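Enquirer:
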Amino acid sequence: PKDDDVKDEL
Amino acid sequence: MNIFRLAGDMTHLASVLVLLLKIHTIKSCAGVSLKTQELYAIVFATRYLDIFTSFYSIYNTLMKLIFLGSSFSIVWYMRYHKTVRRTYDREQDTFRHWFLVLPCLLLALLIHEKFTFLEVLWTFSLYLEAVAILPQLVLLQRTRNIDNLTGQYVFLLGGYRGFYILNWIYRYLTEPHFVHWITWIAGLVQTLLYADFFYYYFQSWKNNKKLQLPA
Chain P
1 PKDDDVKDEL
Chain E
1 MNIFRLAGDM THLASVLVLL LKIHTIKSCA GVSLKTQELY AIVFATRYLD
51 IFTSFYSIYN TLMKLIFLGS SFSIVWYMRY HKTVRRTYDR EQDTFRHWFL
101 VLPCLLLALL IHEKFTFLEV LWTFSLYLEA VAILPQLVLL QRTRNIDNLT
151 GQYVFLLGGY RGFYILNWIY RYLTEPHFVH WITWIAGLVQ TLLYADFFYY
201 YFQSWKNNKK LQLPA
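Quick mapping for you: the protein sequence lines, in order, are chains P and E.
Residues in the first sequence are numbered consecutively from 1, following the numbering used here.
Residues in the second sequence are numbered consecutively from 1, following the numbering used here.
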């Protein structure tokens, strides 16, 4: 995943 | 991961645990809106579809499982547990929450970052989460007598998205290209919906009197 990805948030 | 996001996740976890504690120990869900709990189950089901396809960390996957498990078990308790279901005030919890689902779905089909199945459902879950608390806030206004655990539940639930806003500011300042307007606006709307509850919650806490919402 890209570093600016917001999907790593819950 | 930053301290704001961790604080947000822990606050969110605490809100769910407070609710599960209330329902499991005193076998009562009085004052709790089933509609809001059902909306949250839909929010997590549509938000965490990527749990099988993309892995970020043990923490991320573990928390997703906890949120999915707790939200669906709360709905199960309130619908099917022989003792708990009797304490659900069905007459008061009458918010037409399906009227929230459809507009959020339509909006997600119109405004999203990518037009893919997962992305549209993920965006839908953001919009739905922003308004999912409405049935609960309406129920609190109606029942007026808010017991401590329900008040704490709503307070923690509102606080978690507040911490997330600080997290988004931090990530915007520290990560280049971290710009997610849809997430930010939905998160801001969600937190603002709690504003009046927070006001009365602090008033009751400051004057050390029972939390009463104006009719």
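The beta carbon of each residue, even a glycine, is placed where N, CA and C say it ideally should be.
This structure is a prediction, so every number in the text was calculated from the model and none was measured.
#1: Just verifying my parser: in three-state terms, what is the DSSP assignment at A30 (chain E)?
#2: Does the Cβ-Cβ distance between L39 (chain E) and H97 (chain E) come in under 7 angstroms?
#3: Smallest Cα separation from Y160 (chain E): which of E:F198, E:N145, E:F124 and E:Q141?
#4: Output the distance between the C-alpha atoms of M1 (chain E) and T174 (chain E), rounded to the nearest integer angstrom.
#5: In whole angstroms, give me the CA-to-CA distance for A45 (chain E) and F52 (chain E).
#6: Take L118 (chain E) and list the residues in its own chain whose beta-carbon comes closer than 7 angstroms to its own, dropping the five residues that flank it on each side.
#7: Hey, does Y199 (chain E) have any beta-carbon neighbour from chain P nearer than 7 angstroms?
#8: Which of the three DSSP states, helix, strand or coil, is assigned to P1 (chain P)?
#9: Using a Cβ cut-off of 7 angstroms (strictly closer), state whether H180 (chain E) contacts chain P.
#10: Just verifying my parser: in three-state terms, what is the DSSP assignment at Q217 (chain E)?
#11: Can you pull the chain P residues whose beta carbon is under 7 angstroms from the beta carbon of D222 (chain E), in chain order?
#12: Any Cβ of chain P within less than 7 angstroms of the Cβ of M78 (chain E)?
#13: May I ask you to verify whether the stretch 21-28 of chain E touches the stretch 154-173 of chain E, counting CB pairs closer than 8 angstroms and requiring at least 3?
#14: CA-CA distance, L157 (chain E) and Y88 (chain E)?
Expert: In short, the structure shows the following:
#1: Coil at A30 (chain E), not helix or strand.
#2: At a Cβ-Cβ threshold of 7 angstroms, L39 (chain E) and H97 (chain E) count as neighbours.
#3: With distances taken between Cα atoms, Y160 (chain E) lies closest to E:F198.
#4: Answer to the nearest angstrom: the Cα atoms are 12 angstroms apart.
#5: Rounded to whole angstroms, the separation of the alpha carbons of F52 (chain E) and A45 (chain E) is 12 angstroms.
#6: Taking L118 (chain E) as the centre and dropping the five residues before and after it, the same chain places the C-beta of L49 and D50 closer than 7 angstroms to its C-beta, in chain order.
#7: When Cβ-Cβ separations below 7 angstroms define contact, Y199 (chain E) makes no contact with chain P.
#8: Bear in mind that a pLDDT of 47 at P1 (chain P), under 50, signals an unreliable position, so the number given afterwards is only what the model happens to contain. P1 (chain P): coil per DSSP, three-state reduction.
#9: Output row for H180 (chain E): interface = yes.
#10: Here chain E covers residues 1 to 215 and nothing more, so residue 217 (chain E) does not appear.
#11: With chain E represented from 1 up to 215, any question about residue 222 (chain E) goes unanswered, as that position is not in the structure.
#12: Among the residues facing chain P, M78 (chain E) is not included, as its CB has no counterpart in that chain under 7 angstroms away.
#13: No: fewer than three Cβ pairs fall under 8 angstroms.
#14: In a straight line, the C-alpha of L157 (chain E) is about 20 angstroms away from that of Y88 (chain E).
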